[in-house]
Amino acid sequence: MSPRGTLRVRLECDDGVRADSVFVPKGEWAKHERGLNVLIEPRYTAGTGTAYNQNFVRLEPR
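All letters in the sequence shown, in the order written, are residues 18 to 79 by the working numbering.
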């Protein structure tokens, strides 16, 4: 969940990912309303381009 929207995904714990981070290797298609872009703020970050890696989300159990 982010200020822009919500996305339902299955989570798995992995020691290779920081405890304060979420890693999604690939998303679903946007046409099925499952793409990760629903969570991403439409903003530009100087020097790095689109802010894909700089978005905060909140995890909630379903």
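Ideal placement from N, C-alpha and C gives every residue a C-beta, glycine not left out.
Here the structure is a predicted model, which means the values were calculated and not measured.
Measure the C-alpha to C-alpha separation of residue i and residue j and round it to an integer number of angstroms.
i	j	result
glutamate 58	aspartate 31	26 Å
glutamine 71	arginine 60	10 Å
arginine 79	alanine 63	36 Å
Taking 8 Å as the threshold (C-beta atoms), are residue j and residue i in contact?
i	j	result
leucine 24	leucine 56	yes
valine 39	leucine 53	no
Measure from the alpha carbon of residue i to the alpha carbon of each residue in the options, then state which is nearest.
i	options	result
glycine 22	Val74, Leu28 and Arg35	Val74
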